[in-house]
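These notes are about the structure you will find just below.
Residue numbers (this note's numbering): 360 to 543.
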C-alpha cells in the first residue's frame, strides 16, 4: 500500500525524534530525511507542530475507533495510552518541547470525545440539563488526562491496562450516580 505524503512525513518525524529533540528538527531536516519537497510539506502543514497535531489526531482516531460507550470506553483509554507508549519519543518530546499544555489540550479533546458520549448514553431516560452532562464529562476528562500526564511524567513505566483498569474502577457507576443527582 502506498503511503501518503503526510504518513511519510509522520514516519520521518517519529524516526528523527529518536535521536533529536523536537526543537532541533527543522522542516528542511524533515524533508531531506524523507525525500519530500518543502513545497509538499507546506501544502499539507503550516509547520512541524501542525504535523505533530496531525499525528496525534490520526493515532487517537485509530485507538478510539469503536470505544465510546459504557462497556468499552476503558478499552479506548487503554488504546490511547498504548499508542502514547508506542510513540514515546514523540510524546515525551512534545511534553518537554512544546509544553505540557499542548499535550494536555490534545489529550483532553480526545478523551472528552470518548467520555461525553458515555455520559450521554448513561443519561438515557433521565431529564438532565446539557450543562450538567457537560460538567460531568469535563470533570472526568480532566481527571483521566491528569492520570495520563502523570504517567508520561513518570516515564510511562506502568502498563496501560493497569492504569485504565484503575481509572475504570474509580468511575464505575459514578456517571449514573452524578446524573441521578442532577436529574430533574
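Note that the Cβ used here is the ideal one computed from N, Cα and C, for glycine as well.
Note that the structure is a prediction, hence the values are computed from the model and not measured.
Contact check for residue 440 and residue 523: beta-carbon distance about 7 Å, within the 8 Å limit, so the pair qualifies. Straight through space, the alpha carbons of residue 394 and residue 488 are spaced by roughly 53 Å. Membership of residue 495 in the alpha helix (DSSP H) is indicated by the continuous run 489 to 512.
Check the Cα spacing between residue 449 and each of 518, 381 and 519: the tightest is with 381.
When DSSP states are grouped into helix, strand and coil, residue 385 belongs to the coil group. Contact annotation: residue 376 and residue 400 have beta-carbon atoms that are not nearer than 9 Å.
Within the same chain, Cβ atoms closer than 6 Å to the Cβ of residue 485 are found at 538 and 542, the five residues on either side in sequence being excluded.
By alpha-carbon distance to residue 496, the top candidate from 469, 443 and 516 is 469. For residue 485, the three-state secondary structure derived from DSSP is coil.
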